[in-house]
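Chains as they are written, first to last, in my numbering: chain A, 224 to 474; chain B, 11 to 293.
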Amino acid sequence: MAILIAIWEAISKFEIFPAFMWPPLIIPNEPGGVTVMKTLINGLIDGQLLEATGQSLGRLIVGFVIAVILGTIIGFLIYKSELIDDTLGFFVSTLQSVPNIVWFPLAILWFGLGVESVLFIIILGATLSLSITLSTAFKSVPPLNIRVARTMGSKGFHLFRTVIFPASVPQFIAGLRVAWALAWRAVLAGELLGGSGGLGTLLDMGRSLQSMDLVFAIMIIIGVIGTIIDNFVFVKLERLVLRKRGIQVVK
Amino acid sequence: MLEPHIQLTDLHKSFEHKGQEPVIALDQVNLTIPKGEFLSLLGPSGCGKSTLLNIIAGLDKQTSGDITVNGKPIKGPGNDRIVVFQESGLFPWMSVLDNVMYGLLIKKVPKEEAKARAMKWLQKVHLAKFAHAQPHELSGGMKQRVAIARALVMDPEILLMDEPFAALDEQTRMVLHKELESLWRETKKTIIFVTHNIREAVILSDRILLMKTRPGGVKREYTVQASRPRQATDSVLVDLEGRILSELQLEMEKVLKEEFGDDYDFKKDQLHGNSDSHMGSDI
Ligand SMILES: Nc1ncnc2c1ncn2[C@@H]1O[C@H](COP(=O)(O)OP(=O)(O)OP(=O)(O)O)[C@@H](O)[C@H]1O
Ligand SMILES: [Mg+2]
C-alpha cells in the first residue's frame with residue numbers, strides 16, 4: 224500500500240503526465256496546490272461528497288430492497304411451477320446475460336432522465352440475478368428434509384417458511400452478495416450517464432471540469448463503500464450461517 | 011381377531027421416467043395390518059420396502075389399488091402416521107431441541123408443553139445434554155436417535171420405521187430395541203418396521219413379511235410365536251431366523267444372478283461367509 228502511494232507520488236512529482244491528469248495523492252506539488260486527499264476531505268466537510276454519497280446509497284438501498292422482494296417471489300414461482308420455469312425461467316436467464324446498463328437508453332425513454340431510470344436498472348439487474356440463484360437454491364433443498372417436514376404435517380406456505388427457505392439461506396446470502404455488487408455498479412453507471420445526482424453524476428462533473436483530484440476522490444469513496452459492505456456485511460453473514468450449520472469455511 | 015388398522019388392496023406402484031422402461035416397485039400387494047401389530051418387512055435391496063412405507067405414509071401415491079387406514083382412504087400425509095427414515099434428515103439450521111419440537115408445533119401444542127415433551131424424549135434416547143447443540147455436532151448414531159425421538163414425541167397411532175437402527179452401534183441398538191418394545195407394549199401402536207437384520211425382525215415382530223424383487227411384492231409371511239419379553243437365544247427364534255435366512259438367500263441369489271451374471275459365484279461365497287457373523291444375520 225505504502226509503496227503504491229510512493230510510486231503514485233513520484234509519477235506526479237516528476238510530472239510524467241500533466242498535473243490535471245495525474246494529481247498528487249497526499250503531498251501537494253506546489254504550496255497550497257491540489258491533492259486527492261485534500262479534495263476528498265474538503266468534499267466530505269463541505270457536504271458535497273457526503274450528500275452525493277448519501278444520494279447514491281439511498282438509491283442503492285431502495286432498489287436493492289425492492290429487488291430482493293421481487294427476486295424472492297420470482298425465484299419461488301420458477302421453483303414452484305414447471306410451466307413458469309419453462310417460460311419465465313428461460314426468459315429471465317436470457318435477460319440476465321445482458322449487462323444491465325444496456326437497458327438504460329430504454330429506461331430513459333420510459334421513465335425520463337431521472338431517479339426512476341436509475342432505480343429501474345438497479346432493480347432489473349439485481350432481481351434477475353437473485354431470482355435465478357434462488358430458484359436453483361429452492362430446487363436443491365434435500366428431498367429428505369422435505370419428506371421429514373411433510374410426514375410431520377407441514378405443507379404449503381408453512382413448508383416453505385420452515386424448511387425450503389431456511390435450507391436455502393446460504394445460497395440466498397451468496398445471491399444477495401452478487402446482486403448487491405450488480406446493483407452498486409448499476410447505481411453508478413446510471414448516475415454517470417443520467418445526470419440525476421449522486422456519486423456517478425459528480426464523477427462525470429469532475430471529468431468535464433478536468434479535475435482529476437475530484438474524480439479520484441470519488442473513486443476512493445466508491446471502492447471503500449463496496450469493500451466495506453462486502454466484507455463487513457456479506458462475508459460476515461455468510462461465515463456466521465455456515466459456521467452454525469457446521470459447514471467448513473475455506474479461506 | 012383384532013380390527014384391521016391398515017388395509018392394502020391390489021396395491022401397485024411403478025416409477026416412470028421419460029424415455030425409460032417403467033420400474034415396477036410394487037405389484038399386487040394385498041395386506042391387512044391389525045391394530046397394534048408389530049410388523050417387519052425384510053427383503054433384498056430394491057424390493058420396494060421404502061416405497062411401501064412411503065405410500066402408507068402418504069408421501070408417495072400408488073399407481074393403482076386402494077389403501078385405507080381405519081377404513082378411510084388416505085389422502086396425503088397425516089400426523090397419525092409418522093415416518094422414521096433411513097437417514098436422520100435433521101434440519102441443520104435448528105438446534106436438536108427445535109428439531110424434536112418441530113412436529114409438535116405443527117400440531118399446535120403450546121410451546122412450553124412441546125418443549126417439555128421433547129426434552130422427555132431426548133432423555134429417553136440419552137441425548138438431553140445435547141438439546142441445545144446443532145445437528146452437525148452429533149455423530150451419525152446420535153443424529154438417528156434424535157430422529158427417533160422426533161418421531162416418537164408425536165405419539166402417532168402408526169409408526170413407520172425405515173431401517174431406523176441400521177446406522178447405530180450394537181449397544182445402542184439393543185437399548186433402543188428394549189425401548190421400542192416397551193413403548194409398543196405400553197401404547198399398542200401399530201408399527202411397520204423395515205430392516206435388513208433378520209435377528210432384529212425376529213426379536214421385535216409379531217409378523218414378518220419377506221419381500222421379493224422384480225416385481226416387488228410379498229413373497230412369504232412368518233408369524234413369530236415366541237412369548238415376550240424375548241431373548242435372542244430363545245430356540246423358537248433361532249430356528250425361525252435360520253428358516254428366514256435360507257429363504258432370503260434363495261431370493262438374494264436370484265437377484266445377484268440377474269445382476270452379475272457369470273461373476274455371481276464370487277459373490278455367493280461372500281454372502282455365506284457373512285451369515286456366520288456373530289452380529290446376527292445382517293443382509
Ligand atoms: N423416485 C424413484 N424413481 C424411480 N425409481 C425408484 C424411485 N424410488 C424407488 N425406485 C425404484 O423402486 C424400487 C424399490 O425401491 P425401494 O427404495 O422401495 O427399495 P428398498 O426395498 O427400500 O431398498 P433398500 O433396502 O435398498 O432401501 C427400486 O428398484 C428403485 O430403483
Ligand atoms: Mg429402503
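Even glycine gets a Cβ: it sits at the ideal position worked out from N, Cα and C.
Contact set for residue i: own chain, Cβ-Cβ below 7 Å, skip 5 residues either direction
i	result
residue 38(B)	20, 22 and 227
residue 248(A)	228, 231, 232, 258, 259 and 260
residue 223(B)	54, 56, 57 and 265
residue 432(A)	none
residue 406(A)	283, 286, 287, 290, 345, 348 and 349
residue 316(A)	355
residue 99(B)	157
For residue i: DSSP bridge partner residues
i	result
residue 232(B)	218(B)
residue 65(B)	Partner(s): none; residue 65(B) has no beta bridge.
residue 25(B)	33(B)
residue 377(A)	None, per the DSSP bridge assignment.
residue 172(B)	204(B)
residue 82(B)	79(B)
residue 96(B)	According to DSSP, which records beta bridges pairwise, residue 96(B) is partnered with nothing at all.
residue 39(B)	21(B)
residue 16(B)	43(B) and 79(B)
residue 253(B)	Answer is none; residue 253(B) lacks a bridge partner.
Residue i beta carbon near ligand 2 (any heavy atom closer than 8 Å)
i	result
residue 96(B)	yes
residue 71(B)	no
residue 59(B)	yes
Heavy atom of ligand 1 within 8 Å of residue i beta-carbon
i	result
residue 161(B)	no
residue 263(B)	no
residue 172(B)	yes
residue 204(B)	yes
residue 29(B)	no
residue 421(A)	no
residue 391(A)	no
residue 343(A)	no
residue 93(B)	no
residue 74(B)	no
residue 62(B)	yes
residue 223(B)	yes
residue 35(B)	yes
residue 99(B)	no
residue 54(B)	yes
residue 68(B)	no
residue 277(A)	no
residue 226(B)	yes
residue 455(A)	no
residue 287(A)	no
residue 313(A)	no
Any C-beta of chain D under 9 Å from that of residue i
i	result
residue 384(A)	Of the protein chains in this structure, namely A and B, none is chain D.
Spatial neighbours of residue i in its chain, beta-carbon cut-off 8 Å, leaving aside the 5 residues before and after
i	result
residue 25(B)	32, 33 and 35
residue 47(B)	12, 15, 200, 201, 216 and 217
residue 151(B)	177, 178, 179 and 182
residue 443(A)	259 and 263
Cutoff 6 Å; reference residue i; Cβ partners in own chain excluding five residues on either side
i	result
residue 273(A)	267
residue 161(B)	92 and 94
residue 337(A)	419
residue 297(A)	354
residue 290(B)	Only weak support is given to the placement of residue 290(B): the predicted model assigns it a pLDDT of 49, under 50, and the question is left unresolved by the model.
residue 275(A)	421, 422 and 425
Segment limits, alpha helix (DSSP H) that includes residue i
i	result
residue 193(B)	180-197
residue 344(A)	338-362
residue 224(B)	Careful: residue 224(B) lies outside any alpha helix (DSSP H) and carries neither H nor E.
residue 450(A)	435-451
residue 124(B)	121-134
residue 407(A)	388-417
residue 467(A)	459-467
residue 430(A)	422-431
residue 154(B)	150-162
Residue i: first and last residue of the uninterrupted beta strand (DSSP E) it sits in
i	result
residue 79(B)	74-79
residue 301(A)	That residue, residue 301(A), is in no beta strand (DSSP E); its alpha helix (DSSP H) goes 271-303.
residue 48(B)	48-52
Members of the segment 53-75 of chain B that neighbour chain A once the beta carbon cut-off is set at 9 Å: So the close ones are 64, 67, 68 and 69.
Given a limit of 7 Å on CB to CB distance, which residues of the segment 444-467 of chain A reach chain B? Contact annotation: in the segment 444-467 of chain A, residues whose CB is within less than 7 Å of a CB in chain B are 467.
Residues, ordered as in the chain, of the segment 137-149 of chain B that lie near chain A by beta-carbon distance below 8 Å: Only 144, 145, 146 and 147 from the segment 137-149 of chain B bring a Cβ to less than 8 Å from some Cβ of chain A.
By the 8 Å beta-carbon criterion, what residues does the segment 87-99 of chain B contribute toward chain A? Here the close residues are 87, 88, 89, 91, 92, 93, 95, 97 and 99.
Using Cβ-Cβ distances below 9 Å, what residues of the segment 182-216 of chain B are close to chain A? Answer in chain order: no residues at all.
Below 8 Å between beta carbons is the criterion; list the residues of the segment 113-137 of chain B that meet it against any residue of chain A, in chain order. Residues 113, 116 and 117.
Would you list, in chain order, the members of the segment 275-307 of chain A that have their beta-carbon closer than 8 Å to a beta-carbon of chain B? Of all residues in the segment 275-307 of chain A, none comes within less than 8 Å of chain B when Cβ atoms are compared.
Determine which residues of the segment 356-376 of chain A have a Cβ less than 8 Å from any Cβ of chain B, and write them out in chain order. Answer in chain order: 365, 367, 368, 370, 371, 372, 373, 374, 375 and 376.
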